Amino acid sequence: MKISTKGRYGLTIMIELAKQHGEGPTSLKAIAKTHDLSEHYLEQLIGPLRNGGYVKSIRGAYGGYVLAKEPNEITAGDIIRALEGPISPVEGIEDEAPPQRELWMRIRDAVKDVLDHTTIDDLANYTSEGESDAYMFYI
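Note that the working numbering has the sequence shown beginning at 3, numbered continuously upward.
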């Protein structure tokens, strides 16, 4: 299973909106500039996210997009499905021989489990182990 730029950039949009959650709308232009992405491409991705009920648009001079739900209520799986469709490592699982079908189903279920148990809030607040925002000075 390969997640395309649609899924990757869609997650980027959602993570940025989660980081700004409660602070007003964020423009796609700002997200595109921050991550050096095509604003036009992000505009194509926002439609399915809005139709799925994950983002709302705010009109006006200071408009942009905000999350339609709390960041901890939206999973990475929600976003990937909205932009990529069903999660499956191979097409036509039902046509496979039983041993392979079982393997593909286990892989699919493991990927679904990770995506469905990772919220946008988790991703927005992620820090790698050992990473700290503060500098430590030793004298």
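All C-beta atoms, glycine included, are put in the ideal place defined by N, C-alpha and C.
Predicted, not measured: the structure shown is a model, and the values here were computed from it.
- Rounded to whole angstroms, Glu72 and Lys31 show a C-alpha spacing of 23 Å.
- The residues Leu39, Tyr43, Leu44, Leu47, in chain order, have a CB closer than 7 Å to that of Tyr11 in the same chain once the five nearest residues on each side in sequence are set aside.
- As DSSP reads the structure, Tyr67 sits in a beta bridge with Thr28, Ser59.
- Counted as a single uninterrupted DSSP element, the alpha helix (DSSP H) harbouring Ile122 occupies residues 122 to 126.
- The residues Gly12, Ile15, Met16, Val57, Ile81, Ala84, Leu85, in chain order, have a CB closer than 8 Å to that of Leu51 in the same chain once the five nearest residues on each side in sequence are set aside.
- Here Thr129 carries a coil assignment [DSSP, helix/strand/coil].
- In this structure, Leu19 keeps its C-beta atom at 8 Å or more from the C-beta atom of Thr7.
- Listed in chain order, the non-local C-beta contacts of Gly65 below 6 Å within the same chain comprise Pro27, local neighbours out to five positions each way being set aside.
- In this chain, the alpha helix (DSSP H) harbouring His42 covers 41 to 53.
- Taking the Cβ atoms as the reference, Lys114 lies roughly 5 Å from Ile89, within the contact range of under 8 Å.
- Bounds of the alpha helix (DSSP H) holding Thr14 are 7 to 21.
- Annotation for Trp106: Pro91, Val92, Ile95, Glu98 place their beta carbon closer than 7 Å to its own, counting only its chain and skipping 5 residues before and after.
- For Glu72, there is no enclosing alpha helix (DSSP H), as DSSP marks it with neither H nor E.
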